[in-house]
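Engineer: Sequential numbering from 0 applies to the sequence shown in numbering that gives the first Met the number 0.
Submitted below is the structure of interest, expressed as structure tokens.
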Amino acid sequence: MYPVFVAVASAAACILITLLWQKCTDFVAFNIKRRQTGCFRAKLYPHTDRLWGSDLVKQRQQATKNGNLQALYTRHFKMLAKTWEEVFWNQRVINTMDTANLQYVHVFGFEDFGKPNHRMKISAPILGNGIFVAEGARWKHSRSIIKPIFARAELENISSMAKHVDRFLNLLPQNSETFDIQPMLKKMVLDISTDFLFGESIDAQTPEGGPAAERFLQALDESLAGWHKRRLAGLGSVRYIFDKSWSSAYKQLYAFIDAHVNRALELVSSPQSDKNSTDPVENSSEKYILLYEMAKEIRDPIRLRFELINVFLPSRDTTAALLANTLFQLARHPEYWKQLRKTALSLPFDPTDHKQLSFSTLKSLTPFRYVIQETFRTIGPVGRVFRAARKDTMLPRGGGPDGKSPVFVAKGTTICSLPYHIHHDKDIWGDDADDFRPERWAEGNRKSWEYVPFLGGPRICPAQQQVLSQATYILLRLVLEFEWIENKDEVVEYVELQRMAIESRRGVIIALGPAKDCRT
0 MYPVFVAVAS AAACILITLL WQKCTDFVAF NIKRRQTGCF RAKLYPHTDR
50 LWGSDLVKQR QQATKNGNLQ ALYTRHFKML AKTWEEVFWN QRVINTMDTA
100 NLQYVHVFGF EDFGKPNHRM KISAPILGNG IFVAEGARWK HSRSIIKPIF
150 ARAELENISS MAKHVDRFLN LLPQNSETFD IQPMLKKMVL DISTDFLFGE
200 SIDAQTPEGG PAAERFLQAL DESLAGWHKR RLAGLGSVRY IFDKSWSSAY
250 KQLYAFIDAH VNRALELVSS PQSDKNSTDP VENSSEKYIL LYEMAKEIRD
300 PIRLRFELIN VFLPSRDTTA ALLANTLFQL ARHPEYWKQL RKTALSLPFD
350 PTDHKQLSFS TLKSLTPFRY VIQETFRTIG PVGRVFRAAR KDTMLPRGGG
400 PDGKSPVFVA KGTTICSLPY HIHHDKDIWG DDADDFRPER WAEGNRKSWE
450 YVPFLGGPRI CPAQQQVLSQ ATYILLRLVL EFEWIENKDE VVEYVELQRM
500 AIESRRGVII ALGPAKDCRT
């Protein structure tokens with residue numbers, strides 16, 4: 000008994016000494032920086048648990064369960080300031096919705112910040128060391144491979160996407176009945192994504208592919224749910240150590256991806272591939288396949304798996320969530336559906352003929368762009384972005400009595416940037432910042448970093464143009480096919496479901512009225 004007591008007491012003493020040392024070094028670093036620059040500390044959240052911050056963790060877990068995490072952050076920003084500090088499992092976290100701070104972290108001070116180590120460890124089972132989480136030379140190499148691939152993909156003929164959209168439209172109810180369109184959108188986007196990434200669709204919208212696709216979608220959703228639950232818990236995620244459901248889900252994801260990876264590596268390395276005109280690697284003029292292009296540069300199957308997952312999850316989740324959220328808003332503001340339909344019917348060509356349509360044409364459809372931008376602004380899908388200070392540094396604003404002085408950031412401090420709250424800042428967007436009003440985008444140009452759905456700087460999302468083009472095309476086809484949209488959900492407000500992207504927990508329950516003058 001005595002040796003056990005000594006061991007426990009020694010461990011507790013080591014922890015206490017470590018905490019005291021951290022406090023002392025942090026205090027000294029702050030005072031040096033303050034004398035040099037006149038910086039301040041950010042306002043501190045009034046914790047009841049000042050050591051671990053468990054009180055705030057519990058609030059967020061409950062808010063996530065209730066679907067109103069963003070509203071909780073809104074209350075705290077109103078209570079404290081646009082930049083404030085909290086304790087998260089004995090680590091400093093600075094939350095900010097200040098555009099100057101966001102720009103500094105992601106551009107001007109880019110080298111001062113990296114991905115938080117504890118979050119990378121939590122994400123490792125599902126994301127590995129792919130572009131989404133990689134740092135330094137590894138990230139630069141991944142970026143140099145993936146960015147040009149997406150740039151070339153913008154030039155791809157829309158025909159490969161159009162067939163999946165055609166199938167989706169044929170599955171929609173044609174008798175104005177009530178239904179949830181969100182799961183149908185997920186299946187369509189899954190078909191588009193797998194076709195583009197792997198060279199063959201999972202065919203989630205067909206009876207043949209249905210059962211396998213359902214299993215894959217379930218594994219995908221469980222993988223993302225488990226990941227988000229652990230990210231929210233932070234160091235408290237150790238309580239999930241005996242929960243095997245997450246590993247079971249992401250291993251199913253591995254199995255699906257690995258089958259395509261192995262096939263691609265065999266095709267790319269085959270001595271016959273340069274002679275076979277039907278080989279998909281060489282036949283890219285007809286169909287552009289991201290996996291085959293990546294396999295030419297990345298030969299390690301494990302690395303290639305994780306790079307694909309890092310591309311697949313954000314692009315699939317963002318596009319599906321964006322489309323669902325757009326229809327969520329249009330169902331509650333049907334006058335904009337009529338405006339989009341009027342625009343679509345007035346086009347000087349047939350937009351249902353994919354041979355007459357290009358991504359540049361889609362970008363030129365201003366009313367559609369405004370609706371999509373306003374959806375991104377009002378709902379998301381990005382809620383929070385985390386970075387960790389690699390050294391003692393500062394944020395340009397948020398300190399002092401007026402909140403305009405620099406804020407000290409100690410090495411290891413996590414910066415939580417909140418684009419959602421920048422997009423709802425009434426100092427930027429006016430008193431109607433919470434209202435869905437697409438015409439605001441015609442009222443003048445916005446300053447840089449006031450609107451950041453894909454962030455910015457070196458780590459800006461490489462798939463942003465593809466996401467916007469796909470969403471525009473699908474929305475264009477929908478307004479041509481249906482004359483009106485109506486909300487059928489008794490709950491009008493948006494209830495969040497936190498995944499990689501924010502989506503509607505209640506789905507998107509609507510009715511659509513078939514058009515009599517549809518061109519299809």
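Beta carbons are placed, not taken as given, at the ideal position from N, Cα and C, and that holds for glycine.
1. Taking only the alpha-carbon atoms, compute the straight-line gap between L219 and E373 and give it to the nearest angstrom.
2. Taking 7 angstroms as the threshold (beta carbon to beta carbon), is A500 in contact with chain D?
3. Can you grab the Cα-Cα spacing for the pair L68 / K139, in whole Å?
4. Quick check: the Cα distance between I308 and G129, rounded to an integer number of angstroms?
5. Between which residues of its own chain and G411 is the CB-CB distance below 8 angstroms, once the five residues before and five after are set aside?
6. For E489, does the three-state DSSP call read helix, strand or coil?
7. Considering just the uninterrupted stretch of the alpha helix (DSSP H) at M293, what are its terminal residues?
8. Rounded C-beta distance between W483 and G512? I'm assuming under 8 angstroms.
9. Identify the continuous alpha helix (DSSP H) that holds N174 and give its terminal residues.
10. Using a threshold of 7 angstroms, state whether the C-beta atoms of T392 and D111 are closer than that.
11. Taking buried to mean at least 16 other C-beta atoms within 10 Å of its own C-beta, is D316 buried or exposed?
12. By Cβ distance below 7 angstroms, which residues in the same chain neighbour I256 in space, the five residues on each side in sequence not counted?
13. How is the alpha helix (DSSP H) around R166 delimited, first residue to last?
14. Please name the residue, chosen from L344, S447, A203 and K146, that lies closest to K515 on a Cα-to-Cα basis.
15. Can you tell me whether A441 is helix, strand or coil according to DSSP?
16. Cutting at 8 angstroms between CB atoms, please list the residues of its own chain near T325, excluding the five before and the five after it.
17. In terms of alpha-carbon separation, which member of S247, R142, T351 and F407 lies closest to E221?
18. Under the three-state reduction of DSSP, which class applies to L101: helix, strand or coil?
19. Under a three-way DSSP split, which group does K42 fall into?
20. Residues in the same chain with beta-carbon distance under 7 angstroms from L71, minus the five sequence neighbours each way, listed in chain order, please.
21. Alpha carbon to alpha carbon, what distance is there between N444 and I427?
22. Can the beta-carbon of F39 be found less than 7 angstroms from the beta-carbon of S416?
23. Got a sec, what are the start and stop residues for the alpha helix (DSSP H) P418 sits in?
24. So, are the CB atoms of D267 and K295 less than 7 angstroms apart?
25. How big is the Cα-Cα spacing for S132 and I414?
26. In this structure, how does DSSP classify R376 when only helix, strand and coil are distinguished?
27. Counting only runs that start and end within the stretch 302-338, where is the beta strand (DSSP E) found for 3 or more residues in a row?
28. Per DSSP, Q497 is paired with what?
29. Assuming F197 contacts L312 (C-beta within less than 8 angstroms), just tell me the rounded distance between them.
Structural biologist: Inspection of the coordinates gives the following:
1. Walking along the sequence shown from the start, residue 219 turns up at place 220. Walking along the sequence shown from the start, residue 373 turns up at place 374. Cα atoms of L219 and E373: separation of roughly 28 angstroms, rounded to the nearest angstrom.
2. You won't find chain D in this structure, because it holds only one protein chain.
3. Counting from one through the sequence shown, the residue named residue 68 turns up at place 69. Counting from one through the sequence shown, the residue named residue 139 turns up at place 140. Straight through space, the alpha carbons of K139 and L68 are spaced by roughly 33 angstroms.
4. Residue mapping note: residue 308 aligns to position 309 of the sequence shown, counting from 1. Residue mapping note: residue 129 aligns to position 130 of the sequence shown, counting from 1. Across the structure, I308 and G129 are spaced so that their CA atoms are roughly 8 angstroms apart.
5. Residue mapping note: residue 411 aligns to position 412 of the sequence shown, counting from 1. Q90, R91, A387 and A388, listed in sequence order.
6. Working through the sequence shown from its first residue, we reach residue 489 at position 490. Three-state result, E489: coil.
7. Position 294 of the sequence shown, counting from 1, holds the residue named residue 293. Taken as a continuous stretch (DSSP letters only), the alpha helix (DSSP H) holding M293 covers L289 to A294.
8. By one-based count along the sequence shown, residue 483 stands at place 484. By one-based count along the sequence shown, residue 512 stands at place 513. With a Cβ gap of about 4 angstroms, W483 and G512 count as contacting.
9. To locate residue 174, count along the sequence shown from 1; it is residue 175. Neither: N174 is in no alpha helix (DSSP H) and is coded neither H nor E.
10. Start at 1 with the first residue of the sequence shown, and residue 392 comes out as number 393. Start at 1 with the first residue of the sequence shown, and residue 111 comes out as number 112. Yes, the Cβ-Cβ distance between T392 and D111 is below 7 angstroms.
11. Against the sequence shown, residue 316 aligns to sequence position 317. Around the Cβ of D316, a 10 Å sphere holds 16 or more other Cβ atoms; the residue is buried.
12. Within the sequence shown, the letter at position 257 stands for residue 256. Excluding its 5 nearest sequence neighbours in each direction, I256 has C-beta neighbours in its own chain below 7 angstroms: R304, L307 and I308, listed in chain order.
13. Residue mapping note: residue 166 aligns to position 167 of the sequence shown, counting from 1. Counting along the chain, the alpha helix (DSSP H) containing R166 begins and ends at S158 to L170.
14. Along the sequence shown, read from residue 1 onward, the residue named residue 515 stands at position 516. Cα-wise, what sits closest to K515 is L344.
15. Position 442 of the sequence shown, counted from the first residue, corresponds to residue 441. Three-state DSSP puts A441 in a helix.
16. If you number the sequence shown from 1, residue 325 lands on position 326. Excluding positions up to five away in sequence, the list reads V370, I371, T374, A470 and L474.
17. As a working note, residue 221 is residue 222 in the sequence shown. For the residues S247, R142, T351 and F407, the minimum Cα distance to E221 belongs to S247.
18. Position 102 of the sequence shown, counted from the start, is the residue given in the question as residue 101. L101: helix per DSSP, three-state reduction.
19. Mapped onto the sequence shown, residue 42 falls at position 43. Looking at K42 - three-state DSSP - the assignment turns out to be strand.
20. On the sequence shown, position 72 is the one that residue 71 refers to. Closer than 7 angstroms at the Cβ level, and outside the excluded window around L71, lie Q58, R59 and A62.
21. Along the sequence shown, read from residue 1 onward, the residue named residue 427 stands at position 428. Along the sequence shown, read from residue 1 onward, the residue named residue 444 stands at position 445. Cα to Cα, the separation comes out at about 12 angstroms.
22. On the sequence shown, residue 39 is found 40 positions in, with the first residue counted as 1. On the sequence shown, residue 416 is found 417 positions in, with the first residue counted as 1. No, the pair does not count as a contact, with Cβ atoms beyond the cut-off.
23. In the sequence shown, counting from the first residue as 1, residue 418 sits at position 419. Per DSSP, the continuous alpha helix (DSSP H) segment holding P418 begins and ends at P418 to I421.
24. Looking up residue 267 in the sequence shown gives position 268. Looking up residue 295 in the sequence shown gives position 296. Residue identity check: residue 267 is Val in the sequence provided, not Asp. Contact check for V267 against K295 passes: the beta carbons are separated by less than 7 angstroms.
25. For the purposes of this step, residue 132 is identified with residue 133 of the sequence shown, where counting begins at 1. For the purposes of this step, residue 414 is identified with residue 415 of the sequence shown, where counting begins at 1. In the sequence on display, residue 132 carries Val and not Ser. Each residue's Cα considered, the two are about 16 angstroms apart.
26. Position 377 of the sequence shown, counted from the first residue, corresponds to residue 376. Residue state, collapsed to three classes: helix.
27. Runs found: none.
28. By one-based count along the sequence shown, residue 497 stands at place 498. BP columns for Q497 point to I501.
29. As a working mapping, residue 197 is identified with position 198 in the sequence shown. As a working mapping, residue 312 is identified with position 313 in the sequence shown. With a Cβ gap of about 14 angstroms, F197 and L312 do not count as contacting.
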